[in-house]
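Written below as structure tokens is the structure these notes are about.
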Amino acid sequence: MKKKFSSFAAIFLLSATAFAQNIPVDPSVRIGTLPNGMKYYIKKNTLPEKKVDFRLAINAGSILEDENQRGLAHFMEHMNFNGTKNFPDNKLVDFLQSIGVKFGQHLNAYTSFDETVYMLPVPLDKPGNLDSGLKVMEDWAFNATLTDTQINKERGVVLEELRLGLGADKRMSDKYLPKLLYKSQYAERLPIGKKEVLENFKPEVIRQFHKDWYRPDLMALVGVGDINVDEVEKKIKDNFSKYKNPSKPRERKVFELPNHQETLVAIETDPDATNSMVQFIMKDKEAYKPDVTVEQYNQSLIESLATTMLNNRLRELVNSNNPPFTFGSVYHGGTYARTKEAFQGFAMVKEGNQVNALKVLLEETERAKRFGFTQGELDRAKSQTMSNMERSYNNRDKTESDMLVNEYVRNFLEQEPMPGIAWEYEEVKTFLPTVTLAQTNDVIKKMVKDDSRVIVITGPKKDNVTMPTEALVLKTFDDVKMADLKPYEEKAAIKNLVKPFKSEGKITKSETDAKLGTTTWTLSNGAKVTFKKTDFKDDEIVFTARSMGGNSLLNDADYNKTQFAYQALSEAGVNGYSKADLTNYLAGKQVSVSPFISGIVEGISGRTNQKDLSSAMELMYSYFTSLNYSPEAFNAYKMKQSAMLDNMLSNPQTYFASEHAKFTNQKNPRFIGILPLEKDWAATDYKKAYDVYKEKFANAGNFHFYFVGNIDEAKFKNEVLQYIASLPTTGKATNFRDTGYRSITGDYNKVYKKGKDPKSMVQIVYSGEAPYNEKEAMALSALGEVATIKVIEKLREDESGIYGGGARGYMGKVPYGSYSFSVSFPCGPENADKLTKSAIAEVQKLIDKGPEQKDLDKYKEGEMNDYKTDIKDNSYWMSAIAKNQLDGSDKYDILNYEQKVKALTVKDLQDVAKKYLTKNRIIATLMPEDGWEKSVKKESTEVKATVKK
Numbered sequence: 001m002k003k004k005f006s007s008f009a010a011i012f013l014l015s016a017t018a019f020a021q022n023i024p025v026d027p028s029v030r031i032g033t034l035p036n037g038m039k040y041y042i043k044k045n046t047l048p049e050k051k052v053d054f055r056l057a058i059n060a061g062s063i064l065e066d067e068n069q070r071g072l073a074h075f076m077e078h079m080n081f082n083g084t085k086n087f088p089d090n091k092l093v094d095f096l097q098s099i100g101v102k103f104g105q106h107l108n109a110y111t112s113f114d115e116t117v118y119m120l121p122v123p124l125d126k127p128g129n130l131d132s133g134l135k136v137m138e139d140w141a142f143n144a145t146l147t148d149t150q151i152n153k154e155r156g157v158v159l160e161e162l163r164l165g166l167g168a169d170k171r172m173s174d175k176y177l178p179k180l181l182y183k184s185q186y187a188e189r190l191p192i193g194k195k196e197v198l199e200n201f202k203p204e205v206i207r208q209f210h211k212d213w214y215r216p217d218l219m220a221l222v223g224v225g226d227i228n229v230d231e232v233e234k235k236i237k238d239n240f241s242k243y244k245n246p247s248k249p250r251e252r253k254v255f256e257l258p259n260h261q262e263t264l265v266a267i268e269t270d271p272d273a274t275n276s277m278v279q280f281i282m283k284d285k286e287a288y289k290p291d292v293t294v295e296q297y298n299q300s301l302i303e304s305l306a307t308t309m310l311n312n313r314l315r316e317l318v319n320s321n322n323p324p325f326t327f328g329s330v331y332h333g334g335t336y337a338r339t340k341e342a343f344q345g346f347a348m349v350k351e352g353n354q355v356n357a358l359k360v361l362l363e364e365t366e367r368a369k370r371f372g373f374t375q376g377e378l379d380r381a382k383s384q385t386m387s388n389m390e391r392s393y394n395n396r397d398k399t400e401s402d403m404l405v406n407e408y409v410r411n412f413l414e415q416e417p418m419p420g421i422a423w424e425y426e427e428v429k430t431f432l433p434t435v436t437l438a439q440t441n442d443v444i445k446k447m448v449k450d451d452s453r454v455i456v457i458t459g460p461k462k463d464n465v466t467m468p469t470e471a472l473v474l475k476t477f478d479d480v481k482m483a484d485l486k487p488y489e490e491k492a493a494i495k496n497l498v499k500p501f502k503s504e505g506k507i508t509k510s511e512t513d514a515k516l517g518t519t520t521w522t523l524s525n526g527a528k529v530t531f532k533k534t535d536f537k538d539d540e541i542v543f544t545a546r547s548m549g550g551n552s553l554l555n556d557a558d559y560n561k562t563q564f565a566y567q568a569l570s571e572a573g574v575n576g577y578s579k580a581d582l583t584n585y586l587a588g589k590q591v592s593v594s595p596f597i598s599g600i601v602e603g604i605s606g607r608t609n610q611k612d613l614s615s616a617m618e619l620m621y622s623y624f625t626s627l628n629y630s631p632e633a634f635n636a637y638k639m640k641q642s643a644m645l646d647n648m649l650s651n652p653q654t655y656f657a658s659e660h661a662k663f664t665n666q667k668n669p670r671f672i673g674i675l676p677l678e679k680d681w682a683a684t685d686y687k688k689a690y691d692v693y694k695e696k697f698a699n700a701g702n703f704h705f706y707f708v709g710n711i712d713e714a715k716f717k718n719e720v721l722q723y724i725a726s727l728p729t730t731g732k733a734t735n736f737r738d739t740g741y742r743s744i745t746g747d748y749n750k751v752y753k754k755g756k757d758p759k760s761m762v763q764i765v766y767s768g769e770a771p772y773n774e775k776e777a778m779a780l781s782a783l784g785e786v787a788t789i790k791v792i793e794k795l796r797e798d799e800s801g802i803y804g805g806g807a808r809g810y811m812g813k814v815p816y817g818s819y820s821f822s823v824s825f826p827c828g829p830e831n832a833d834k835l836t837k838s839a840i841a842e843v844q845k846l847i848d849k850g851p852e853q854k855d856l857d858k859y860k861e862g863e864m865n866d867y868k869t870d871i872k873d874n875s876y877w878m879s880a881i882a883k884n885q886l887d888g889s890d891k892y893d894i895l896n897y898e899q900k901v902k903a904l905t906v907k908d909l910q911d912v913a914k915k916y917l918t919k920n921r922i923i924a925t926l927m928p929e930d931g932w933e934k935s936v937k938k939e940s941t942e943v944k945a946t947v948k949k
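Start counting the sequence shown at 1; every next residue gets the next number (the numbering used here).
Here you go:
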């Protein structure tokens, strides 16, 4: 006995020692702190090649603003793009565009309650770019010029960003946030700030904010990329160590989200609300502390397993034939405050069903609390967790730098552990099998609480919809506690998705293309399979299958009664198994397979890995051969879609898009709207759509399959012969047809009125038919990018009239030759006419003089920057090699793109501007409803909601 006890004691002590160990820090990351307290993280990572991703993280956000600074943390973020010591005025954006960094797409920043983070990817293809990138980070950290002129110019831009947030959601959140953020500083410090402060603050007020909070001891610089770590560390030490902290620094306070005994309920409606939702939070009693030890890490893993199982149950309900909501989930995690976590739930529902949705969320939580989970559920959750970990681990040497930098930012700001994927994989692989049902069941019991609860219910305000009372919401909690619930019933698992069979299929022809690195097999059933083996990812295979025809082959009547049904077809499942059955079967597998029927093609798209390729092929085979017919599943889909879309036209922007689409498609009998309304669902023929699908997918010989990734050719060949070569075929070749219908063309100026907020949207579109010309297509696309630069320069930087906007040029080849060039931007209604004229004037300059060479050079640098990343992406390659089947384009375009971009001239862009931008112009403007001017005056006098005590 004593010997046995000693052995047990030794094991226990070893285990206790292991649990007491701290989570290690990824040794591949160089972490240091300068004498002034500034921290840095540096890591060499060669994906993408010749590029580095920088982040400047500042542990200061809107929560630290004084009352007269409301919104200035965010305003300060803007100012760092409007003049620094080394890049005065707007020279920063200009310079970065010249080296291939696109404003908005690559170059960006954000401000939240507790932090401000600047993002800068720098291409390293030219000498000096690394130093320039570090100089930008240095200026962002310490050298903003903050001149009166630039501050006053930027007011308009920030106010336009504030304007974008106006609407139903803003009106409702203004009322419920005092309860969601009960008695906390967070309720008073939303990052966008207060309009009157933004309009009237004196420049010295923002300079004081910068002086107080932009200081070394609150900063971290992160650099990950194709760099020499020693070199970058030396440059950081040389350039950033000289900056000092204030002699009397302000305290960086930490703010709480207080607990409270009562349950707070907010029920808010708005006539323009588009969705009905319910949300609950149950705040933890103790303050959040980041994981430090291995034991804490593993406890977090147990929590994750528990919420995964609960969400799997909710997903089953959503996928059932009587779904209680369109979407529903729960999780345990962060709130608005860093110091507080909570058990939280959310559901999107049909109007009037919010209380029932809350009841379902609470009942499923209560069911798990009372009866626990099943072993089958735990096994699936473990499998899901391990599968995701394996995917990350297998691709550990092919992880993009921008995925890594954010982890290090979180480590600095929130002390999130960063042990590295190698450690996490080994720890999860070791610990996961030891987790028991008792542990996961215990977690749920601890998450659910009777105090510190907040419930938020929102929805559209309608005469025929009765919203619940606070008393009814509170009663729901009591009802659930007393409910007669039964344990969760484990459903029979799928053993074989496809019954074993012997395939007679063969490869009848094999062709290789050395330039593209592809192999194409022609199969005995007529199907073609093209695959490309890559090493872009160490564990990823993407695929698609296409057959020409789509719903273009249907007559108008059949098209109109089936167009909204196709997306619902896969909801029925396959081989007699429901969608919920399939979800459980695929748990722990990296498999995504989706069939589709679109305008001119039908097909399959998906992704998987080597390990799960067979499962992906089985599912694809099943979609071809054994799609279930289930009117019940279709009706459930309609319910969910209606809940999500029925009120979308209340949104002014959606209304604008819908009404303008009606105008431009007025001669097209196949257009019945951008969203399905109740009458459209009533006219939809599910059986007809199902029959169309079955007919198209019964003809595999008309399909071309494309696979790109780390393909094991021998294994892949076996799967192709088994699951593609065996597919049925009719031997009939089909192609899409041009229906002959066109959008209207000509010169029009349309104005649409919707909404009460002072918000407008302008779209200027030139479009029509034109024979496709590859050179013109590239020039028109480039012209759109150049026009975007000019729109931002003129309408944002010079006139301070917009927050964002842009242009796009496009030429289409199928189903007929066409062109489109558009300029669009949101703005204030009082400025819509003036800014429209300014935008048209910029277009006219492109017609009269062509673009400036420097702007064309910016476009080329940006395209080359993107291309060098895209050319190492599996999905990019798949789209490129499949394009030839669709439109007959040169299959080597992907290899020749760089030289074609470089060959573009100012004259090429001016020629397409002259040819396509001088006629067929439609200007569409969204304006608020009459009387909006009065609502602007009332904005500052609106009464805020209060919480009864």
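A virtual CB, placed ideally from N, CA and C, is assigned to each residue, including glycine.
These numbers were taken from a predicted model, which means no experiment stands behind them.
Straight-line Cα distance separating residue 622 from residue 862: 43 Å
DSSP-derived helix/strand/coil call for residue 700: helix
Status (buried if at least 16 other CB within 10 Å, exposed otherwise) for residue 156: buried
Secondary structure of residue 270, DSSP reduced to three states: strand
Supposed contact pair residue 600 and residue 966 - C-beta distance, whole angstroms, cut 8 Å: The question about residue 966 has no answer, for the chain in this structure spans 1 to 949.
Option in 632, 422, 664 with minimal Cα separation from residue 957: The displayed coordinates of the chain run from 1 to 949. Any statement about residue 957 would go beyond what the structure contains.
Exposure label - residue 929; buried when at least 16 CB within 10 Å: exposed
Cβ-based burial, residue 105 [other Cβ within 10 Å; buried from 16]: exposed
Length of the line joining the Cα atoms of residue 630 and residue 657: 33 Å
N-terminal and C-terminal residue of the alpha helix (DSSP H) that residue 94 is part of: 91–98
C-alpha gap between residue 229 and residue 52, whole angstroms: 11 Å
Short Cβ contact (8 Å threshold) for residue 532 with residue 708: yes
7 Å Cβ shell around residue 81 - same chain, five flanking residues per side excluded: 92, 93
Simplified DSSP assignment, three categories, for residue 871: coil
Assigned secondary structure, residue 968 (DSSP; H/G/I helix, E/B strand, else coil): No answer is possible for residue 968: it lies beyond the span of the chain, which begins at 1 and ends at 949.
Other residues of its chain near residue 809: CB distance less than 6 Å, five sequence neighbours each side excluded: 780, 781, 783, 784, 821
As assigned by DSSP and simplified to three states, the class of residue 500: coil
Local Cβ density within 10 Å of residue 88, reported as buried at 16 or more and exposed below that: exposed
For residue 631, the three-state DSSP class (helix, strand or coil): helix
Contact check, residue 698 vs residue 730, beta carbons under 8 Å: yes
Start-to-end residues for the beta strand (DSSP E) that takes in residue 108: 108–111
Contact under 8 Å by Cβ, residue 828 with residue 728: no
Selection from 250, 147, 485, 39 that minimises the alpha carbon distance to residue 364: 485
Nearest candidate by alpha-carbon position, reference residue 496, set 412, 617, 419, 505: 617
Secondary structure of residue 946, DSSP reduced to three states: Low confidence applies to residue 946: its pLDDT is 31, below 50, so where it sits in the model is not reliable, and the reading given next is rough at best. In the structure shown, residue 946 sits in coil (DSSP, three-state: anything other than H, G, I, E or B).
Chain-order list of residues whose beta-carbon lies under 8 Å from that of residue 746 (same chain, five-residue window excluded): 920, 922
Within 8 Å, strictly: CB atoms of residue 615 and residue 645: no
Whole-angstrom C-beta distance between residue 606 and residue 383, which should lie under 8 Å: With 8 Å as the limit, residue 383 and residue 606 do not qualify as a contact, their Cβ atoms being about 19 Å apart.
contact_flag[the region 247–266, the region 71–80] where n(CB pairs < 8 Å) is 3 or more: no
Residue interval of the beta strand (DSSP E) (run including residue 344): 341–349
Enclosing alpha helix (DSSP H) for residue 235 [first to last residue]: 229–240
Where residue 280 falls, given that 16 or more other Cβ within 10 Å makes a residue buried: buried
Which residues DSSP lists as bridging residue 593, in chain order: 606
Residue 796 burial status per 10 Å Cβ neighbour count (16 or more: buried): buried
Cα-Cα separation between residue 761 and residue 564, rounded to whole angstroms: 28 Å
Cβ neighbours of residue 220 in the same chain (closer than 6 Å, five flanking residues each side left out): 39, 57, 412
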